[in-house]
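Structure first, commentary second.
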DNA sequence: CCTTTCATGGAGTGCGTGCTCTAGTATTGC
DNA sequence: GCAATACTAGAGCACGCACTCCATGAAAGG
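Chains as they are written, first to last, in this note's numbering: chain H, 7 to 203; chain F, 7 to 203.
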């Protein structure tokens, strides 16, 4: 008998489709992108598409899960004894760098507006949770060391750092003169001002 | 012959449809909302809908134009000799208050993700422009008086105030514990920290 | 009264969509 | 080489959508 085809090849194809979808979603949004458009972008037939992903929605969820995992990995890689405030600032800089890729920025913007679909909403909530849970301990430690203000709980301070990141992303989309490269330094400065004791 | 119908009644109907659409768009997004759903919400038939708006897109543009006008009016109503920094902070507080209405928040989120449609993008760009042009003079005056930092041009400082507002809106959507009422004061404080000399 | 115009609902239409089916081709194990 | 399975393409399908058409009602001149 024959058998389980090369899993590497399988995974590579999956990633190629994900990559094509990312490009399409970033430009025309989730609902505005047809599976046919993704197939065209990826250079495959629709049969192939649905061989790798049972539905269009499952593809979106796969991308979201990928991003969530990446966030998890980023925080898992931080050494426990690092300087807390540096980690917070490093994450902000890291996120800003990712947003330099307009595909990422466009995708995030497109996806956070897929509303009323429970599976997507829980995936987004999970992503937000992982981010909050990854960042908050460092904020708390920084607070314990007196590096950041103490008039708000770590939970709120963390949320406000994410406010800056969310807003940064939004401005990139709507303001031509506002570029990730040009404003990255100001972003880190803004975080410092926000957290300063 | 008969005649030009009562324009008041006409306008009222239009506003009722706009109101229904706002509700629907806020919950399920633009693409996720069918004209049938808007008709159901407004309690009208589809014939009536297309009697008032030629297309679904034109309805969206009408809502956007309405919001842009409101922003224009808000700034037009500020007296020229007012304290500049107070005006900036007042606008921030005003915007935060509007976002207390979850329909507004949801609508804005839904609409900024309608991508790849030129008419919508230009309408959004106009809205952003009106906001920037309304706010920037006050920031500039505040800077001239030494009320705000001078290491960045007024244009950038204004953009960063809008970053905070955009981010505030985004957090409201994704973070259950982050409420407009609870965080409004922190928002104004964040603006002060951002602009402080 | 009658006539003209706007207002309204809802059945109907054509099209684009996500997805399925099937038939053919590569790739694997023996 | 052969059989069995995975992979691939694309024609086709059912459905939901934005939008149209038409019949009817209501209000305002004359």
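For every residue, glycine included, the Cβ atom is placed at its ideal position computed from N, Cα and C.
Keep in mind the model is a prediction, meaning the values are calculated, not measured.
7 Å Cβ cut-off: residues of chain H touching residue i
i                     : result
residue 168 (chain F) : 177
residue 38 (chain F)  : 37, 121 and 122
Beta-carbon proximity of residue i to residue j, cut-off 8 Å
i                     : j                     : result
residue 172 (chain H) : residue 173 (chain F) : yes
residue 184 (chain F) : residue 165 (chain H) : yes
residue 177 (chain H) : residue 137 (chain F) : no
residue 216 (chain H) : residue 187 (chain H) : This structure leaves residue 216 (chain H) out entirely; chain H is present only between 7 and 203.
residue 198 (chain F) : residue 102 (chain F) : no
residue 72 (chain H)  : residue 23 (chain H)  : no
residue 148 (chain F) : residue 200 (chain F) : no
residue 66 (chain H)  : residue 36 (chain H)  : yes
residue 170 (chain H) : residue 130 (chain H) : no
residue 155 (chain F) : residue 203 (chain F) : yes
residue 99 (chain H)  : residue 180 (chain H) : no
residue 119 (chain F) : residue 119 (chain H) : yes
residue 63 (chain F)  : residue 127 (chain F) : no
residue 121 (chain F) : residue 38 (chain H)  : yes
residue 132 (chain H) : residue 74 (chain H)  : yes
residue 2 (chain F)   : residue 55 (chain F)  : What the structure shows of chain F is the stretch from 7 to 203, and residue 2 (chain F) is not part of that stretch, so it cannot be assessed.
Start and end residues, alpha helix (DSSP H) containing residue i
i                     : result
residue 124 (chain F) : 124-150
residue 67 (chain F)  : 62-82
residue 92 (chain H)  : 90-104
residue 56 (chain F)  : 52-58
residue 160 (chain F) : 160-180
residue 153 (chain H) : It is not in any alpha helix (DSSP H) - residue 153 (chain H) carries neither H nor E in the DSSP assignment.
residue 35 (chain H)  : From DSSP, residue 35 (chain H) is part of no alpha helix (DSSP H); its letter is neither H nor E.
residue 118 (chain F) : From DSSP, residue 118 (chain F) is part of no alpha helix (DSSP H); its letter is neither H nor E.
residue 196 (chain F) : 186-201
Neighbouring residues, chain H, relative to residue i (Cβ below 8 Å)
i                     : result
residue 34 (chain F)  : 121 and 122
residue 199 (chain F) : 199, 200 and 202
Per-residue contacts from residue i into chain F (C-beta, under 7 Å)
i                     : result
residue 184 (chain H) : 165
residue 196 (chain H) : 166 and 200
Proximal residues of chain F, C-beta to C-beta of residue i below 9 Å
i                     : result
residue 180 (chain H) : 118, 130, 131, 133, 134, 168 and 172
Closer than 8 Å at the beta carbon, the chain F residues around residue i
i                     : result
residue 192 (chain H) : 158, 162 and 166
The region 23-40 of chain F touching the region 110-118 of chain F, judged by at least three CB pairs closer than 8 Å: yes
Contact list for the region 100-119 of chain F against chain H, Cβ threshold 9 Å: 112, 115, 116, 117, 118 and 119
Where the region 137-159 of chain H meets chain F: residues whose CB sits under 9 Å from a CB there: 138 and 158
Three or more C-beta pairs below 8 Å linking the region 21-30 of chain F and the region 45-64 of chain F: yes
contact_flag[the region 83-102 of chain F, the region 143-150 of chain F] where n(CB pairs < 8 Å) is 3 or more: yes
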